[in-house]
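Novice: Per this note's numbering, the sequence shown starts with residue 75, numbered consecutively. Glycine is no exception: its CB is placed at the ideal position from the N, C-alpha and C atoms. Next up is a structure, given as structure tokens.
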Amino acid sequence: MSNAAAGCDVCRIHADAALAPLECHRGPRWIVRHHAPPAPIAGWAFLCAVRHVQGPADLDDAEAAGFGRALRAASRAVRSATGCDRVYAIAFGQGAPHLHVHLVPRFDAEPGTAAWKVADWYRAVERGERAPADAARVHETVARLRAVLCSEPPE
Ligand SMILES: [Zn+2]
């Protein structure tokens, strides 16, 4: 592990056996995992590079070639597992300098999940002002994500 990777929260999460129940897929280049508690919404997942790499600009050729397919597969899995209407893909890489694309289920029937409002939702859960997703529902969603990702793995 490089010095940068040693201090990286995403690398730490990927190596933490206690968080393995939230992992939905692990391939040679991509990991899909559910948001750790408190999860803002059941189905809020991440597509993460296995390698410690800050963002798309730093992907190697093989990672770059597979990124679109991995993003499609993970997004389809979130849509299928949650029944949401859309899946947002957001990557800042600010909290941890390791590519982790937030895959956010967007429900037409829930206006609070629309566009930037979902950021307010996220922060309200983080501050304890809004209840997080139900743990049993998260558990079921992880099982569904795993099943879908088995049939179309992101690599
Ligand atoms: Zn890392």
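What are the partner residues of R180, as DSSP defines its beta bridges?
Specialist: As a first step, residue 180 is located in the sequence shown; it is residue number 106 there, counting from the start. DSSP, once it has assigned bridges, lists R160 as partnering R180.
Novice: Ligand 1 heavy atoms versus the CB of A198: any closer than 7 Å?
Specialist: Numbered from 1 along the sequence shown, position 124 holds the residue referred to as residue 198. Not under cutoff, so the answer is no.
Novice: Under a Cβ-count criterion, where at least 16 other Cβ atoms within 10 Å of its own Cβ denotes burial, should H88 be classed as buried or exposed?
Specialist: In the sequence shown, residue 88 corresponds to position 14, counting from 1. When all chains shown are included, H88 counts as buried.
Novice: Report yes if the CB atom of V178 is closer than 8 Å to the CB atom of V192, and no otherwise.
Specialist: Working through the sequence shown from its first residue, we reach residue 178 at position 104. Working through the sequence shown from its first residue, we reach residue 192 at position 118. Against a cut-off of 8 Å, the Cβ pair of V192 and V178 comes out as a contact.
Novice: Taking only the alpha-carbon atoms, compute the straight-line gap between A236 and W195 and give it to the nearest angstrom.
Specialist: Given a span of 75 to 229 for the chain in the structure shown, any question on residue 236 remains unanswerable.
Novice: Rounded to the nearest angstrom, what separates V127 and F141 at their Cα positions?
Specialist: By one-based count along the sequence shown, residue 127 stands at place 53. By one-based count along the sequence shown, residue 141 stands at place 67. Each residue's Cα considered, the two are about 13 Å apart.
Novice: V212 and A116 - do their beta-carbons sit closer together than 8 Å?
Specialist: Against the sequence shown, residue 116 aligns to sequence position 42. Against the sequence shown, residue 212 aligns to sequence position 138. Going by C-beta atoms, A116 is nearer than 8 Å to V212.
Novice: State buried or exposed for P228, treating a residue as buried only when at least 16 other CB atoms are found within 10 Å of its CB.
Specialist: If you number the sequence shown from 1, residue 228 lands on position 154. Per the 10 Å Cβ criterion, buried.
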